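Novice: In my numbering, the protein residues as written are 13 to 298.
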């Protein structure tokens, strides 16, 4: 886990640290990757995000490199540089590139606070099983940057050996591994990782997983089971703004963790809203 220390935040503070947001901008300085499916009419600029954060008492945000830029993290780094103290940044690095370790070192040197890898469920994601993954994960551990994983539950058994081998590396599972509601076998794969104290889970994507409209109550049982297995100190909320805002607005997504999910006690809610994110991505000098 990153070793920097965050100055103590007042326990009564209503502010949030959002664990998961994407930003992008149509700008020739930051060209989209070839074939990127960038939605039209979406204002995903960092300036718009900052206005939303201020209006909703969001103190800090973790920016996750959007796939529109693929491995080019320059806009992400620009946001980190221009607005110090407001963001942590999780880069993307091509895990199949021969120089993946060097790419990781470079983007961390530019201010990134973690890396995200996304092995698909089909054969295109089989790179996660290759022996060279061990050296790449070890590099993350040496750099003290969390490993963030966007992956389906079917891939969770593939990362267990890597977690076993790198027990000093903080690992974050995005979106509860997108376990379908009611799929007990998939959920069991996720809950099995609770044995590792360095594994954290984002209890996000309720808007995509649910078969209901906001506030997505059919997802609460799964959230409760993840909370029971990992404990509130290893789970975190996040908005995933501005992805699929037709399903839930930025404000509604914040309200899910602030008030809608009914079973968190006061201390658990603080963990979900900001304390867990703070543990994984503390602010302060590197």
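All C-beta atoms in this analysis are idealised placements derived from N, C-alpha and C, irrespective of residue type, glycine included. Model, not experiment: these values are computed from the prediction.
Determine the direct distance from the alpha carbon of residue 193 to that of residue 270, and round the result to whole angstroms.
Specialist: Roughly 22 Å separates the two Cα atoms.
Novice: Taking 9 Å as the threshold (beta carbon to beta carbon), is residue 74 in contact with chain B?
Specialist: Considering every chain present, this structure includes no chain B. It has just one protein chain.
Novice: Given residue 265, which residues of its chain have a CB within under 6 Å of its CB, disregarding the five upstream and five downstream residues?
Specialist: 251
Novice: Within the same chain, show all residues whose beta-carbon is closer than 8 Å to that of residue 223, passing over the 5 residues directly before and after it, in chain order.
Specialist: 193, 230
Novice: Return the CA-CA distance between residue 172 and residue 205, expressed in angstroms with no decimal places.
Specialist: Spanning the two alpha carbons is a distance of roughly 8 Å.
Novice: Which of the three DSSP states is assigned to residue 24 in this structure?
Specialist: Because residue 24 carries a pLDDT of 46, less than 50, the predicted location of this residue cannot be relied on, and the following value inherits that uncertainty. If DSSP states are grouped into helix, strand and coil, residue 24 belongs with coil.
Novice: Counting only the same chain and skipping the five closest in sequence on each side, list residues whose C-beta sits under 7 Å from that of residue 26.
Specialist: Since pLDDT at residue 26 reaches only 49, below the 50 mark, its modelled position is unreliable, and the value read off the structure follows with that caveat. Hits under 7 Å: 69.
Novice: Should the region 100–119 be regarded as contacting the region 72–90, the criterion being three or more beta carbon pairs within less than 8 Å?
Specialist: Contact between the region 100–119 and the region 72–90 is present, because at least three Cβ pairs lie under 8 Å.
Novice: Relative to the alpha-carbon of residue 143, which residue among 92, 258, 262, 177 has its alpha-carbon at the smallest distance?
Specialist: 177
Novice: Under 7 Å Cβ to Cβ from residue 12, same chain only, skipping five residues before and after it: list those, please.
Specialist: The shown model of the chain, from 13 to 298, leaves out residue 12, and the question about it has no answer.
Novice: Does the count of Cβ pairs from the region 57–68 and the region 114–128 closer than 8 Å reach three?
Specialist: no
Novice: Throw me the rounded Cβ distance for the residue 215 and residue 247 pair, which I believe falls under 8 Å.
Specialist: 5 Å
Novice: Please determine, among 29, 64, 81, 258, the residue with the shortest C-alpha to C-alpha distance to residue 40.
Specialist: 81
Novice: Residue 236 and residue 212 look like a contact to me (Cβ under 8 Å); what is the Cβ gap, rounded to whole Å?
Specialist: The pair is not a contact, with the Cβ atoms about 17 Å apart (cut-off 8 Å).
Novice: Which residues bound the beta strand (DSSP E) around residue 214?
Specialist: 211–214
Novice: Please list, in chain order, all residues of the same chain as residue 232 whose beta carbon is under 8 Å from its beta carbon, the five residues on each side excluded.
Specialist: 273, 274, 275
Novice: As a quick exercise: from 147, 189, 145, pick the residue whose alpha carbon is nearest that of residue 133.
Specialist: 189
Novice: What do you get for residue 278, buried or exposed, if any count of 16 or more other CB atoms within 10 angstroms of its CB means buried?
Specialist: exposed
Novice: Tell me the DSSP bridge mates of residue 129?
Specialist: BP columns for residue 129 point to 161.
Novice: Count the other CB atoms, across all protein chains shown, that sit within 10 Å of the CB of residue 93; report buried if there are 16 or more and exposed otherwise.
Specialist: exposed
Novice: Going by DSSP, what residue range makes up the beta strand (DSSP E) through residue 104?
Specialist: 99–104
Novice: Span of the alpha helix (DSSP H) holding residue 58?
Specialist: 58–67
Novice: Under the DSSP definition of a beta bridge, which residues are partnered with residue 248?
Specialist: In the DSSP output, where bridge partners are listed per residue, residue 248 has 214.
Novice: If you follow the beta strand (DSSP E) that residue 73 is in, where does it begin and where does it stop?
Specialist: 70–76
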